[in-house]
Structure formats: C-alpha cells, structure tokens
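For the sequence shown, the UniProt record's numbering begins at 1 and goes up steadily by one.
Glycine included, C-beta positions come from ideal geometry on N, C-alpha and C.
Quick caveat: nothing in here was measured; it's all calculated off a predicted structure.
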Amino acid sequence: MSAPARPAKPTPPHTLSVAPMMDWTDRHCRVFHRTLTRRTLLYTEMVTTGAILHGDRDRHLAFDAGEHPVALQLGGSDARALADCTRIAQGYGYDEVNLNCGCPSDRVSSGSFGACLMGTPDVVARAVDAMRAATTLPVTVKHRIGIDELDSYEHLTGFIRTVEAAGCDTFIVHARKAWLSGLSPKENREIPPLRHEVVRQLKADFPHLTIVLNGGVLTLDAAQDALAWADGVMIGRAAYQDPFILARADQDIFGEDTLPVTRREAIHAYLPYVAAQLQAGQPLNRMMKHTLGLFAGQPGARHWKRTISEQGHKPGAGLDVVHAALAGVPDHVLDERPGQRVPA
Numbered sequence: 001m002s003a004p005a006r007p008a009k010p011t012p013p014h015t016l017s018v019a020p021m022m023d024w025t026d027r028h029c030r031v032f033h034r035t036l037t038r039r040t041l042l043y044t045e046m047v048t049t050g051a052i053l054h055g056d057r058d059r060h061l062a063f064d065a066g067e068h069p070v071a072l073q074l075g076g077s078d079a080r081a082l083a084d085c086t087r088i089a090q091g092y093g094y095d096e097v098n099l100n101c102g103c104p105s106d107r108v109s110s111g112s113f114g115a116c117l118m119g120t121p122d123v124v125a126r127a128v129d130a131m132r133a134a135t136t137l138p139v140t141v142k143h144r145i146g147i148d149e150l151d152s153y154e155h156l157t158g159f160i161r162t163v164e165a166a167g168c169d170t171f172i173v174h175a176r177k178a179w180l181s182g183l184s185p186k187e188n189r190e191i192p193p194l195r196h197e198v199v200r201q202l203k204a205d206f207p208h209l210t211i212v213l214n215g216g217v218l219t220l221d222a223a224q225d226a227l228a229w230a231d232g233v234m235i236g237r238a239a240y241q242d243p244f245i246l247a248r249a250d251q252d253i254f255g256e257d258t259l260p261v262t263r264r265e266a267i268h269a270y271l272p273y274v275a276a277q278l279q280a281g282q283p284l285n286r287m288m289k290h291t292l293g294l295f296a297g298q299p300g301a302r303h304w305k306r307t308i309s310e311q312g313h314k315p316g317a318g319l320d321v322v323h324a325a326l327a328g329v330p331d332h333v334l335d336e337r338p339g340q341r342v343p344a
C-alpha cells in the first residue's frame with residue numbers, strides 16, 4: 001500500500017525532544033514545558049488505540065494550540081486500529097505520530113504492544129505501512145536496542161531494516177535493552193546498562209535515517225555532546241524532575257538569539273492557562289504538579305513543593321495558592337536567567 005505524498009511543510013525537528021512519559025507528559029505538563037522552550041518537540045503520554053477508538057477521544061487527544069510542535073505516541077499492534085487512530089490524530093492537528101515499541105510494562109506486553117513488538121518486526125512494518133497510508137504526517141518508531149535474549153546487534157539492525165522498508169525513516173532509540181519479565185518498568189529504566197555506543201553505531205550504519213538517542217541524557221551539555229553524532233536527543237525524566245534545564249534549549253540547542261526565561265516568567269506565562277482550566281473545572285493540583293521540580297536544588301524549593309502539594313488539591317484551590325507558593329521563593333531564584341545569575 002502506498003502512502004500519501006509527504007507534506008510540503010517541514011517535519012518537526014527531532015534535535016531535542018521531551019520523552020513520552022505515562023502519568024507525566026499530559027496536556028498540562030506540555031503547556032508548562034512550552035513556557036520554557038518554544039522549539040523542543042513535545043510528546044504525549046502513550047495513548048492506546050482502544051482508548052481512542054472506544055473511550056473519551058477528546059480527553060485523550062485534545063491539546064492546546066500553543067503546544068506545537070507536539071507528537072502523539074500510540075500504543076497498539078493492530079494495523080487497522082493504528083491507521084484509524086493515525087487518521088484521527090491528523091484531524092486533531094498533531095505534528096507527528098509515533099509508535100511505541102519500547103515500553104516494557106507487563107500490561108503493555110500482555111496487550112501485544114510496546115517493547116514486545118521488537119520480537120515481531122513484520123507486525124511493526126505492517127502497522128507503519130498502514131499508518132503512513134492513513135496520513136501525511138510523519139510516522140516514527142520509538143524502541144529499545146533489544147529485548148530479553150533478542151539483544152544482538154544483528155537483530156536490532158534487522159528490526160530497523162524491516163521497518164524502514166515500510167517507509168519509516170525516523171527511529172528514536174532507547175539505549176537499553178528491556179527484560180519483559182523479571183524487571184519492573186522502573187527497573188528497566190535503571191538496571192539494563194546504557195549502551196549509547198550501540199545507537200552511535202546505528203547512525204554510522206544507517207546514515208540516511210534519522211536516529212534519535214534516548215536514555216540517560218540528563219543535561220543540555222550531554223545532549224549537545226550527543227548531537228555531535230546523533231540526529232536528535234530525547235530527554236526523559238530529567239526534563240520533568242528539573243524542568244528549568246529546558247529554559248536554555250532554544251538558545252543552546254537551536255541557536256536562537258533570544259533571552260531564556262526566568263522561573264518567574266515561566267510561571268506567569270503558565271497562569272492564564274491554569275486560570276482557564278480552573279474555570280473549566282480542573283483542580284489546581286492537576287496543572288501545578290508538573291511545576292514541582294521547577295526550583296529543584298534552589299532556596300525556596302521545599303516551600304514551593306509543600307504549598308502546592310498540601311494546598312493545591314483542596315476544593316476551591318485557586319491562583320492564590322500559586323502566589324503563596326511563589327512568596328516563599330527568594331527573588332534571586334525567581335529572576336535568575338540561565339547563564340546569568342541575579343545577586344541575592
């Protein structure tokens with residue numbers, strides 16, 4: 001089956017992206033991250049095909065226009081269902097659709113999607129072919145370097161060749177193998193050793209493909225080092241636990257000649273969205289929990305987290321809670337611009 005012609009507009013840059021993270025990178029998180037960086041590509045949490053086709057579609061797919069560029073990550077293995085969801089995603093205005101072939105959780109594997117798909121590259125190829133036929137959006141794949149005993153470089157390159165033949169030209173590679181039994185998802189992020197050299201070899205062997213490194217990249221400096229050979233870098237938990245690292249991304253990674261934002265500017269830019277969500281009936285803590293790491297390692301961080309955590313979940317909690325939390329953070333922390341410290 002041939003895919004529609006590719007769109008005239010450029011595809012989202014994969015130079016730097018924030019990983020899809022279950023329970024973390026929801027629409028509120030992405031709007032907050034967008035106050036820190038305009039250029040970084042943002043991903044949704046993984047959304048299963050069943051949730052889209054049989055659940056509350058808007059709850060899973062609706063997003064704020066300010067989130068662009070934003071990509072939807074799908075979980076599933078049925079080619080027809082994935083194609084239907086990809087078509088729906090284009091209607092919602094996403095910039096990319098990504099197929100999850102990397103999540104190692106038991107519930108994902110039991111549903112025949114996630115990392116277990118690395119054992120069936122033909123299934124992935126059929127899915128990618130159907131997805132590409134359903135859209136003009138880029139269709140990408142995120143995967144591990146191996147699973148269980150299928151962890152040879154030959155198996156990995158065979159997986160990529162098979163999926164590439166279906167039209168995929170962008171592979172986001174988590175530089176760890178996954179054990180589908182015996183390790184929890186958390187352990188699968190920590191115990192299998194990082195092997196960036198494997199991803200680097202992939203780029204050398206497949207220079208015509210877009211190869212994005214994921215796993216163990218904790219700082220923008222580390223991202224810049226990896227970009228010497230990789231086409232892109234995806235940062236995961238570091239961007240959530242210390243989101244202020246994103247504040248220099250547009251300047252350091254994308255080369256923009258603009259000032260990075262301060263923490264105060266980021267929160268103030270986020271507040272109109274928070275206010276609108278409060279009016280729509282969303283509880284304050286649902287939006288503000290994504291900001292808890294904004295002051296990581298700084299004076300006032302404990303006050304910020306405690307105020308938001310203890311007060312934000314209460315019925316009727318509003319922006320006054322945010323202002324009370326800000327009041328306990330020193331001005332020099334609020335007004336520090338990355339690369340330019342404000343005297344205390």
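Can you tell me the Cβ-Cβ gap for LEU213 and ALA230, rounded? I've got them flagged as a contact below 8 angstroms.
4 angstroms
Three-pair Cβ contact test at 8 angstroms for the segment 128-140 versus the segment 159-169:
yes
In angstroms with no decimal places, state the Cα-to-Cα distance between GLY328 and ILE308.
11 angstroms
Whole-angstrom Cβ separation of THR205 and THR157, contact assumed at under 8 angstroms?
The sequence as given places Asp at residue 205; Thr does not occur at that position. That pair is a contact at about 7 angstroms.
Segments of 3+ residues assigned as beta strand (DSSP E) that fall wholly inside the segment 48-102:
Taking only runs of at least 3 residues, the beta strand (DSSP E) segments lying wholly in the segment 48-102 are 70-75 and 96-101.
Put MET22 into one of helix, strand or coil per three-state DSSP.
coil
Going by CA-CA distance only, name the one from SER152, ILE267, ASP257 and GLY255 that's closest to PRO243.
A check of alpha carbon separations from PRO243 across SER152, ILE267, ASP257 and GLY255 identifies ILE267 as the nearest.
Do the segment 12-28 and the segment 252-259 make contact, defined as three or more Cβ pairs closer than 8 angstroms?
Yes, the segment 12-28 touches the segment 252-259.
Residue range of the unbroken alpha helix (DSSP H) whose run includes PHE32:
That run of the alpha helix (DSSP H) goes 27-36.
Since GLY175 and GLY216 are thought to touch, with beta carbons under 8 angstroms apart, how far apart are those beta carbons, to the nearest angstrom?
Reading the sequence as shown, one finds Ala at residue 175 and not Gly. With a beta-carbon spacing of about 7 angstroms, ALA175 and GLY216 fall inside the 8 angstroms limit used to define contacts.
Hey, how far is the Cα of THR25 from the Cα of VAL31?
10 angstroms
For LYS314, which beta-bridge partners are listed by DSSP?
Beta-bridge pairing links LYS314 to no other residue.
Segment contact, 8 angstroms Cβ cut-off, at least three pairs: the segment 43-52 with the segment 76-88
yes
Under the three-state reduction of DSSP, which class applies to HIS14: helix, strand or coil?
coil
Buried or exposed by the 16-neighbour rule on C-beta atoms within 10 Å, applied to LYS177:
buried
GLN241 beta carbon less than 7 angstroms from that of GLY312
no
When the Cα atoms are used, what is the spatial distance from ALA65 to TYR273?
11 angstroms
Considering GLY232, what are the terminal residues of the beta strand (DSSP E) in which it resides?
232-235
From THR136 to TYR270, what does the alpha carbon distance come to, in whole angstroms?
32 angstroms
Of all the beta strand (DSSP E) runs that stay within the bounds of the segment 179-215, which reach a length of 3 or more residues?
Taking only runs of at least 3 residues, the beta strand (DSSP E) segments lying wholly in the segment 179-215 are 210-214.
What do you reckon, are the CB atoms on ARG337 and THR262 nearer than 7 angstroms?
yes
Range covered by the beta strand (DSSP E) that runs through HIS143:
139-147
Between the CA atoms of ALA249 and VAL70 - distance to the nearest angstrom:
Straight-line measurement puts the Cα of ALA249 at about 16 angstroms from the Cα of VAL70.
Where does HIS290 land, buried or exposed, given buried means 16+ other C-beta within 10 angstroms?
buried
For GLY146 and ALA296, the rounded distance between their alpha carbons:
34 angstroms
Please state whether DSSP places LEU117 in a helix, a strand or coil.
helix
List the endpoints of the continuous alpha helix (DSSP H) containing THR162.
Unbroken alpha helix (DSSP H) run through THR162: 153-164.
For GLU45, three-class secondary structure by DSSP:
strand
Cα separation between ILE245 and THR219?
7 angstroms
If we count the other Cβ atoms within 10 Å of its Cβ and call it buried at 16 or more, is GLY55 buried or exposed?
exposed
Is it right to say PRO315 is buried, meaning 16 or more other beta carbons lie within 10 angstroms of its own, or is it exposed?
It is exposed - the Cβ of PRO315 has fewer than 16 other Cβ atoms within 10 Å.
Taking the Cβ atom as the reference point for each residue, do VAL333 and GLN298 lie within a distance shorter than 7 angstroms?
yes
With a Cβ-Cβ cutoff of 7 angstroms, do ALA127 and LEU72 count as a contact?
no
What first and last residue would you give for the alpha helix (DSSP H) that runs through GLU265?
Where GLU265 is concerned, the enclosing alpha helix (DSSP H) stretches over 263-279.
Would you mind working out which of ARG144, PHE159, LEU117 and CYS29 sits nearest PRO193, comparing C-alpha positions?
For PRO193, the nearest C-alpha among the options comes from ARG144.
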